Amino acid sequence: MKVAVYPGSFDPVTCGHLDVIKRASKVFDKLIVGVLKNSDKECFFSPGMRVDMINMLDLPNNVEVIAFDRLLVDFMKDNGAEILVKGLRAVSDYEYECQMAWINKKLMAECDTFFVPTSEEYAYLSSSIVKEIARYNGNLNGLVPEELHEIIKTKMEG
Ligand code: PNS
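With the numbering used here applied, the sequence shown covers 57 to 214.
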């Protein structure tokens, strides 16, 4: 069984993330969305909320969402995964993601990274941009799945 992990902070999950999840889930038997609990980045949403928000979406049946708080390769080993899925928006993502792919391979020889180019309409999208727009009560249509708009706005209002 080909198990792949799609890791990230998902603070919050965006339409771009969901697009990658849907496309990658067609290629692998099982896709685990790995939500990093304590990233270097200070996350706005709690780990529990970030997991819950992804689970609220209409996900393919072979997708599972799991929070983790250790090295990605250790999380992969525990879940029987040897494939990493990463979305690439632009050339600017490429250099950093190659470095990560090489490091992860160094740490776990069987680990291979598969890059998915984001769909064109999401090339500009990031969780940071979503938070900035939501903070000023902007329109989240097409940026974040509709099911999450109210939750994000409510959290922003503090
Ligand atoms: O959505 P993000 O914040 O860009 O995702 C980054 C993530 C979670 C993929 C990366 O920070 C990660 O893999 N963290 C776990 C720790 C680890 O294994 N780092 C790579 C080896 S130094």
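For every residue, glycine included, the Cβ atom is placed at its ideal position computed from N, Cα and C. The structure presented is a predicted model; accordingly, all values stated were derived computationally and were not measured.
Closest by C-alpha distance to valine 141, when choosing among Asp134, Asn111, Tyr178, Ala157: For the purposes of this step, residue 141 is identified with residue 85 of the sequence shown, where counting begins at 1. Nearest C-alpha to valine 141: Ala157.
Among Phe100, Phe101, Leu115, Lys97, the one whose alpha carbon lies nearest that of valine 89: Here residue 89 refers to the residue found at position 33 when the sequence shown is read from its first residue. Closest option to valine 89, Cα to Cα, is Leu115.
C-alpha gap between phenylalanine 100 and glutamate 188, whole angstroms: Counting from 1 along the sequence shown, the entry for residue 100 is found at position 44. Counting from 1 along the sequence shown, the entry for residue 188 is found at position 132. C-alpha separation (whole angstroms): 11 Å.
CB-CB length for isoleucine 139 against phenylalanine 84, believed under 8 Å: If you number the sequence shown from 1, residue 139 lands on position 83. If you number the sequence shown from 1, residue 84 lands on position 28. Correct: roughly 7 Å between the Cβ atoms.
Alpha-carbon spacing of glycine 136 relative to leucine 127, whole angstroms: One-based indexing of the sequence shown puts residue 136 at position 80. One-based indexing of the sequence shown puts residue 127 at position 71. So the alpha carbons of these two residues sit roughly 14 Å apart.
Proximity test, valine 147 beta-carbon vs the ligand PNS heavy atom, cut-off 7 Å: The residue you call residue 147 lines up with position 91 of the sequence shown. Not under cutoff, so the answer is no.
Nearest to arginine 191 (by Cα), restricted to the options Glu177, Ala60, Ile207: Within the sequence shown, the letter at position 135 stands for residue 191. For arginine 191, the nearest C-alpha among the options comes from Ile207.
Classification of valine 147 by the beta-carbon crowding that lies within 10 angstroms, buried from 16 upward: If you number the sequence shown from 1, residue 147 lands on position 91. By the 10 Å Cβ count, valine 147 comes out exposed.
Contact test: methionine 156 Cβ vs the ligand PNS heavy atom, cutoff 7 Å: Taking the sequence shown and counting its residues from 1, one reaches residue 156 at position 100. Because some heavy atom of the ligand PNS lies under 7 Å away, the Cβ of methionine 156 counts as near it: yes.
Tyrosine 62, DSSP secondary structure in three states: If you number the sequence shown from 1, residue 62 lands on position 6. Of the three classes helix, strand and coil, the one that applies to tyrosine 62 here is strand, per DSSP.
Residue interval of the beta strand (DSSP E) (run including lysine 86): Taking the sequence shown and counting its residues from 1, one reaches residue 86 at position 30. Unbroken beta strand (DSSP E) run through lysine 86: 86-92.
Coarse secondary structure for leucine 128, derived from DSSP in three states: Here residue 128 refers to the residue found at position 72 of the sequence shown. Residue state, collapsed to three classes: helix.
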